[in-house]
Amino acid sequence: MDRILNIATYAIGFMIFFNGILWLIDPVNSANQLGMPILTGAGLSTQIGDFSSFFLVVGGFTLVGAYTKQKHWFYAPIALLSLAAVSRITAYLIHNADLSTDKIFAELLISAFLSIIVWRS
């Protein structure tokens, strides 16, 4: 079972890290995948910088945690993903944004999975 969890952790880490790379090399497609328009000027700089760093940190820290088997590497990805879900719900409740249940579900599912990895360590 530990081997399966380790493989799943690597897979999650690589997929998320790859999304960060895609934000750097193909931001138009990356934005479309998230249902948002690509911005211009300073907005584009912020969009690429914020999204690429989010995915690179979450994916990178997950990969380092999977490789080193040290649970503290998973705390940042858990926090970032959980707060992203909370922020999406806040955007829906306060700012009339669409409720992105698919993204919220994915963020909470990955956070829960990584929390289980931490708990088992």
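Per the working numbering, numbering of the sequence shown is gapless, rising by one per residue and ending at 1280.
Glycine is no exception: its CB is placed at the ideal position from the N, C-alpha and C atoms.
Enclosing alpha helix (DSSP H) for W1278 [first to last residue] | T1260 to R1279
Classify N1178 as buried or exposed, calling it buried when 16 or more other Cβ atoms lie within 10 Å of its own Cβ.
-> buried
Give the single residue among N1255, A1265 and A1225 whose Cα lies nearest to the Cα of A1244.
-> A1265
Only counting runs of 4 or more residues, tell me where the alpha helix (DSSP H) segments fall wholly within the segment 1222-1261, in order along the chain.
-> 1234-1254
Would DSSP call I1197 helix, strand or coil?
-> coil
What residue range is occupied by the uninterrupted alpha helix (DSSP H) comprising D1161?
-> D1161 to I1184
Taking the alpha-carbon positions, what's the G1219 to L1203 distance?
-> 23 Å
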